[in-house]
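Residue numbers (the numbering used here): 8 to 154. Below is one structure, written out as structure tokens; the observations come after it.
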């Protein structure tokens with residue numbers, strides 16, 4: 008679910024207003040000045056155009072950041088599934104690099120790792136650490152605990 012950001016909307020409306028006022032100012036200067044003084048009007052038009060583009064750019068950055076925030080929030084709020092493959096089903100192999108990463112992560116924190124179980128999702132494992140089960144995501148730049 009994408010949320011709208013009021014600041015991004017406000018900046019967009021300001022940009023539209025700046026564009027409109029710039030065009031109106033341009034015509035007001037051109038029509039009310041003598042011939043040859045129109046360069047002032049062109050300067051006003053160009054400066055309002057640049058300023059409006061800056062406002063639109065900031066609005067787009069805020070909109071993109073809001074989308075990233077919403078995407079991350081939706082990922083965190085998704086239901087956590089603590090199931091792992093049973094013995095009678097064909098077991099998914101645990102990647103050796105992921106296992107090393109998991110063990111070194113918990114060893115650095117002086118926690119003893121028991122068993123590591125694969126799940127139906129790639130790079131997601133259930134790790135038994137000191138009698139507790141933790142759901143972790145390996146395979147990225149850093150190991151993430153998903154609890």
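We put the CB at the ideal spot given by N, CA and C, even for glycine.
| Asked | Found |
| --- | --- |
| Exposed or buried, what is residue 127 when buried is set at 16 or more other beta-carbons lying within 10 Å of its beta-carbon? | exposed |
| Work out the CA separation of residue 74 and residue 16 for me, nearest whole Å. | 14 Å |
| With C-beta atoms as the reference, is residue 131 less than 9 Å away from residue 153? | yes |
| Between 109, 29, 63, which lies nearest to residue 148 when the distance is taken from Cα to Cα? | 109 |
| Answer yes or no: do residue 62 and residue 21 have a C-beta to C-beta separation smaller than 9 Å? | yes |
| Pick out whichever of 145, 119, 150, 33 has its Cα sitting closest to the Cα of residue 135. | 119 |
| How close, in whole Å, do the beta carbons of residue 33 and residue 18 come, if the pair is a contact with beta carbons under 8 Å? | Not quite, the Cβ-Cβ distance comes to about 22 Å (not below 8 Å), so this is no contact. |
| Looking at the unbroken alpha helix (DSSP H) that takes in residue 125, where does it start and where does it end? | Counting along the chain, residue 125 falls outside any alpha helix (DSSP H), though it belongs to the beta strand (DSSP E) covering 120 to 125. |
| What is the DSSP secondary structure of residue 116, reduced to helix, strand or coil? | coil |
| Going by beta-carbon coordinates alone, are residue 101 and residue 14 separated by less than 9 Å? | no |
| Check each candidate in 60, 103, 31 and name the one with the smallest Cα separation from residue 49. | 31 |
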